[in-house]
Structure formats: C-alpha cells, structure tokens
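Quick mapping for you: the protein sequence lines, in order, are chains A and B.
Here the first sequence is numbered in this note's numbering, starting from 1 and rising by one per residue.
Here the second sequence is numbered in this note's numbering, starting from 1 and rising by one per residue.
There are 2 protein chains.
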Amino acid sequence: MDGWLPTTLAVIAGLLSTSSFIPQVLKAWRERDTAAISKRMYCVTVSAFILWSVYGFMIGNLPIIIFNLLSLALSGAVLFLKIRNDRRDGHASPPHREPGMAGTG
Amino acid sequence: MDGWLPTTLAVIAGLLSTSSFIPQVLKAWRERDTAAISKRMYCVTVSAFILWSVYGFMIGNLPIIIFNLLSLALSGAVLFLKIRNDRRDGHASPPHREPGMAGTG
C-alpha cells in the first residue's frame with residue numbers, strides 16, 4: 001500500500017544514474033579532452049553494466065535490462081572517446097592539450 | 001535452486017559498480033587534474049546515490065544501503081576534487097590550458 005514512495009524513489013534514482021553519463025559524454029565529445037578521465041574506471045564500469053544487463057535478462061526484469069543497456073552504451077561511449085584520445089596523444093606521455101585541435105581531426 | 005547464478009552475477013556487478021570509482025578518485029587525487037571530468041555528471045551521480053541509499057533504508061535492504069553509501073562517498077570525493085580544482089584554477093578557464101597558444105582555436 002505504501003510501496004509507491006520507495007518505487008518512485010528507485011525509478012528517479014535509476015533515471016539519474018543512467019542519465020548522469022550524458023553530460024560526461026557530451027563534454028568529452030565537445031572538448032575532445034579526456035586526459036583526467038580514468039580509463040580503468042570506465043573499463044570496470046562497462047564490465048559492471050554488461051553483468052547487470054545479463055542479470056536483467058536472467059531474471060527477466062525489463063527495467064533492469066533497459067536502464068543497464070542504456071548505461072552500458074553511454075559509459076561505453078566515454079571509454080571509446082578516452083581510448084581514441086589516448087591513441088591520438090600517445091599512451092605514455094602525460095596529458096597533451098592543444099586547444100587549437102578542438103575544431104579539427 | 002538455480003537462483004545462485006543471477007545472485008552471484010548481481011553481487012559481482014555491484015562490487016564492480018561501486019569499486020569503479022576508486023581508480024578515478026586516485027587518479028584525480030594524484031594528478032590534481034579534473035579538467036575533463038564533468039561536474040554535472042558527478043552532481044547527478046551523487047544525487048542518484050543519495051536517493052538509492054534512502055531507497056535502501058526505506059525497504060530495509062542492507063546490501064543496497066552499503067553499496068550505495070560507499071558509491072556516494074567515492075563519487076562525492078570525485079565531485080569534491082573537481083570543485084576544489086575548479087576553484088583553484090578559476091571557474092571560467094579549464095586548467096593547464098594556455099589561452100595564449102596562438103590564434104588557432
């Protein structure tokens with residue numbers, strides 16, 4: 001009977017958790033700067049969302065599947081941009097930033 | 001009987017989700033560089049973990065409470081470092097960038 005409040009909270013929390021990656025994807029895409037982002041974090045995050053999605057499929061819970069596939073796509077995008085920029089800048093060297101590159105390549 | 005596999009998956013996924021923030025906290029702490037990190041992302045993330053923790057208390061689920069309080073502490077640490085560095089460097093300009101780098105931008 002009084003279960004609507006926790007459920008509403010969980011839905012809002014889930015929406016926030018998933019959508020939280022959107023500003024990071026946009027920032028990394030626009031600024032082409034991912035130097036301060038931890039590749040290790042996003043490797044672990046992506047793995048976690050893969051497992052959460054598999055878990056959702058296993059227990060047949062659609063909200064878990066949808067939220068986690070969306071989170072997987074968004075955090076995967078951050079990881080992709082991080083890896084691409086690391087390659088562009090060279091793996092070993094410390095963050096190398098050139099504001100002038102922003103409009104190019 | 002066959003419920004152990006999804007449960008194991010969920011536990012591993014939860015551990016990964018929570019621990020994913022550790023390398024980001026360490027990197028941001030060591031390198032003192034958070035320019036590429038989205039403050040908006042971590043504001044949303046911290047809000048989400050607050051809601052998840054409240055949800056955990058409401059339904060009396062200890063694993064949800066523990067995992068989300070830990071995630072809250074770790075993502076809160078990233079947000080703290082981000083805000084501190086933004087203040088150090090001045091809000092408007094991203095750190096480590098030389099605005100004077102030619103008329104390229």
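Heads up, the beta-carbon is just placed ideally off N, CA and C, and yes, glycines get one too.
Just so you know, these numbers come straight off a predicted model, no measurement behind them.
Take the alpha-carbon of Ser19/B and the one of Ser71/B: they are about 8 Å apart.
DSSP, read as helix, strand or coil, puts Thr18/B in helix. Bounds of the alpha helix (DSSP H) holding Ile59/A are 39–59. No Cβ-Cβ contact shorter than 7 Å links Thr34/A with Leu69/A. The Cβ of Ala77/A sits no closer than 7 Å to any Cβ of chain B. Non-local beta-carbon contacts of Ile37/B in its own chain, meaning distances under 6 Å to residues more than five positions away in sequence, involve Lys82 in chain order. Nearest to Ser47/A by alpha-carbon distance, out of Arg88/B, Asp89/B, Arg84/B, Gly14/B, is Gly14/B. Between Pro23/A and Arg40/B, the C-beta spacing is below 7 Å.
Assigned with DSSP and collapsed to three states, Arg32/A falls in coil, not helix or strand.
For Gly76/B, the enclosing alpha helix (DSSP H) begins and ends at 62–89. Taking C-beta atoms under 8 Å as the contact rule, Phe57/A and Ser75/A fail to qualify, at a distance of about 18 Å. For Trp4/B, the closest alpha carbon among the candidates Ala73/A, Trp4/A, Ile59/A, Val44/A is that of Ile59/A. When Cβ-Cβ separations below 7 Å define contact, Ala73/A makes no contact with chain B.
Within the same chain, and ignoring the five residues on either side of Ile64/B in sequence, the residues whose Cβ sits closer than 6 Å to its Cβ are Gly56.
Taking 9 Å as the cut-off between beta carbons, the residues of the region 19–38 of chain A near chain B are Ser19, Ser20, Phe21, Ile22, Pro23, Gln24, Val25, Leu26, Lys27, Ala28, Glu31, Asp33, Thr34, Ala35, Ala36, Ile37, Ser38, in sequence order.
At a cut-off of 7 Å, the C-beta of Leu70/B has no neighbouring C-beta in chain A. Its Cα nearest to that of Val25/B, the residue Tyr42/A stands out among Tyr42/A, Val11/A, Ala10/A, Phe21/A. The Cβ-Cβ distance between Leu51/B and Ile66/A does not fall below 7 Å. The alpha-carbon of Asn61/B is positioned some 46 Å away from that of Gly90/A.
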